[in-house]
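>
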Amino acid sequence: MMKLIRLGFPFSFAMLLMAMGCVEPYNPPVVRQETNYLVADAYLSTNDGTVTVSLSRTQPLYATEIPPESGAVVTLEDDQGAVYPLQEQRSGQYSTQGVTVSATKKYRMHIRTSGKEDFFSEFVSVKTSPEIDNVYWLPESDGIFIYVDTHDPSNNSRYYKWSYTETWEYTSNFASIVKILEPGVIVPRPFEEYMYMCWRTVNSTGIFVGSSSKLQEDVIRQYPLIFIPKASWKLARKYSVLVKQQTLTEEAYNYWLQLEQTTERLGGLFDPMPSEITGNFYNATDPSQPVLGFFSGGTVVEKRMFVSFIELPRHLQETTRDFCVADSIKLEDIVNYGPGTLLIDSYGSPFVEGYLTSAGSCIDCRTKGGTTTKPSFWK
Numbered sequence: 275m276m277k278l279i280r281l282g283f284p285f286s287f288a289m290l291l292m293a294m295g296c297v298e299p300y301n302p303p304v305v306r307q308e309t310n311y312l313v314a315d316a317y318l319s320t321n322d323g324t325v326t327v328s329l330s331r332t333q334p335l336y337a338t339e340i341p342p343e344s345g346a347v348v349t350l351e352d353d354q355g356a357v358y359p360l361q362e363q364r365s366g367q368y369s370t371q372g373v374t375v376s377a378t379k380k381y382r383m384h385i386r387t388s389g390k391e392d393f394f395s396e397f398v399s400v401k402t403s404p405e406i407d408n409v410y411w412l413p414e415s416d417g418i419f420i421y422v423d424t425h426d427p428s429n430n431s432r433y434y435k436w437s438y439t440e441t442w443e444y445t446s447n448f449a450s451i452v453k454i455l456e457p458g459v460i461v462p463r464p465f466e467e468y469m470y471m472c473w474r475t476v477n478s479t480g481i482f483v484g485s486s487s488k489l490q491e492d493v494i495r496q497y498p499l500i501f502i503p504k505a506s507w508k509l510a511r512k513y514s515v516l517v518k519q520q521t522l523t524e525e526a527y528n529y530w531l532q533l534e535q536t537t538e539r540l541g542g543l544f545d546p547m548p549s550e551i552t553g554n555f556y557n558a559t560d561p562s563q564p565v566l567g568f569f570s571g572g573t574v575v576e577k578r579m580f581v582s583f584i585e586l587p588r589h590l591q592e593t594t595r596d597f598c599v600a601d602s603i604k605l606e607d608i609v610n611y612g613p614g615t616l617l618i619d620s621y622g623s624p625f626v627e628g629y630l631t632s633a634g635s636c637i638d639c640r641t642k643g644g645t646t647t648k649p650s651f652w653k
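Quick note, the sequence shown lines up with residues 275 to 653 if you use the working numbering.
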């Protein structure tokens with residue numbers, strides 16, 4: 275008689291792992307079809323009546339640059355016939371200010387390209403965003419996570435989008451307190467020329483959306499916005515983030531959610547497959563041609579948070595520094611060096627024997643993308 279053997283969960287799980295381990299990635303051949311669809315990202319801020327529009331063109335996967343759409347005529351229109359022209363501030367970037375926005379009106383964008391094609395968005399209503407309740411950080415084993423909380427007591431928001439601007443304070447490895455005025459002439463470096471401490475500011479590039487539509491109350495709690503690993507330059511001294519929040523329509527939320535899933539979650543076996551995502555723009559000249567992008571409007575609320583190195587738990591108080599070595603220049607050789615050589619300080623006592631120098635990236639903090647101008651909000 276054949277003995278029946280019952281395969282339990284451990285065996286089944288092991289077989290599943292083996293099957294998954296046998297899956298080889300498939301890299302399909304790159305589709306070399308040329309595409310040149312318009313991409314429009316537009317927003318009307320009710321805070322100050324600012325309208326911003328970014329225009330570009332789609333490119334094939336193998337393309338290395340995204341060309342901006344320059345030379346277009348861009349206007350904002352309301353449903354009562356008022357028209358507000360936008361100016362091109364830089365290539366593909368259009369804006370205007372001072373628009374009187376009304377919650378009782380609807381608005382749309384009109385774009386006429388240099389190729390005489392007309393593009394319109396759908397008419398949209400502006401949305402009012404509730405305040406951000408809190409922006410805070412919590413420690414992990416390998417870094418910190420920054421979270422955002424918000425809620426709408428009226429239950430009218432439900433769909434949210436966030437962006438942020440990060441600023442951090444950092445220093446170079448060496449402080450330069452003297453400089454070469456001309457060959458052989460060394461003078462103290464004026465305080466306004468110090469390049470030891472810098473502040474760097476960068477804007478978010480990801481897509482961050484959240485929804486409370488499936489909850490009884492319109493509440494977002496502990497939305498994970500930013501992860502900063504330990505020993506990051508951002509946490510070396512002091513870090514700040516300014517979080518901006520918008521309320522979206524359901525249509526806008528679905529657009530940004532699909533875009534986020536398509537652009538940021540690809541690569542895994544269970545990730546969503548790429549799809550053509552269109553927003554609320556259409557091509558009035560050739561309706562068969564798709565248009566990518568979305569126009570929405572409303573208030574933008576902000577909240578800032580600071581983190582200091584000394585606030586971090588001990589296991590996260592690590593810093594990463596560049597490997598920098600100070601070289602010496604003998605006093606009699608200093609005449610061979612011009613103002614382009616960065617000096618740290620003199621050495622020798624009681625008489626100066628020479629000067630110390632190092633690589634520019636070790637002395638000038640600006641080489642890491644920052645500026646020596648302290649932000650007005652810094653504390």
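Virtual Cβ for every residue (Gly too), placed ideally from N, Cα, C.
What does a CB cutoff of less than 6 Å around glycine 644 pick up in its chain, not counting 5 residues either side in sequence?
Cβ-Cβ distances below 6 Å link glycine 644 to Cys472, Trp473 and Arg474 in the same chain, with the five nearest sequence neighbours on each side left out; the list follows chain order.
> Isoleucine 502: which of Val452, Thr441 and Lys518 sits nearest, CA to CA?
For isoleucine 502, the nearest C-alpha among the options comes from Thr441.
> One question on the structure: do tyrosine 438 and lysine 518 come within less than 8 Å of each other, judged by their Cβ atoms?
yes
> Per DSSP, what kind of secondary structure is tyrosine 513 in: helix, strand or coil?
The three-state reading of DSSP puts tyrosine 513 in strand, counting E and B together.
> What is the rounded straight-line gap between the Cα of isoleucine 460 and the Cα of tyrosine 470?
19 Å
> Is tryptophan 473 helix, strand or coil by DSSP?
Correct three-state label for tryptophan 473: strand.
> Would you give the residue range spanned by the alpha helix (DSSP H) that glycine 628 belongs to?
Premise fails: glycine 628 lies in the beta strand (DSSP E), 628-631, not in any alpha helix (DSSP H).
> Considering only the beta carbon of each residue, do isoleucine 500 and isoleucine 420 sit closer than 8 Å?
Yes, these two residues count as a Cβ contact at 8 Å.
> Between valine 327 and serine 369, is the Cβ-Cβ spacing less than 8 Å?
yes
> Excluding the 5 residues preceding and the 5 following valine 373 in the sequence, name in chain order all residues of the same chain whose CB lies nearer than 8 Å to its CB.
Leu318, Gly323, Thr324, Val325, Leu350 and Tyr358
> To the nearest angstrom, how far is the alpha carbon of valine 476 from that of leucine 516?
11 Å
> Taking all protein chains shown into account, do 16 or more other C-beta atoms lie within 10 angstroms of the C-beta of valine 565, making it buried, or fewer, making it exposed?
Its Cβ being crowded by 16 or more others within 10 Å, valine 565 is buried.
> Does the Cβ of asparagine 429 have 16 or more other Cβ atoms within 10 Å, making it buried, or fewer, making it exposed?
Classification of asparagine 429: exposed, given that the 10 Å Cβ count is below 16.
> To the nearest angstrom, report how far apart threonine 573 and threonine 521 are at their CA atoms.
Each residue's alpha carbon lies about 8 Å from the other.
> By the three-class DSSP mapping on this structure, what secondary structure does glycine 567 have?
strand
> Out of Leu312, Leu531, Gln371 and Phe397, which has the shortest C-alpha to C-alpha gap to proline 342?
Leu312
> Can you pull the DSSP bridge partners for serine 485?
Tyr433
> If you follow the beta strand (DSSP E) that serine 330 is in, where does it begin and where does it stop?
324-331
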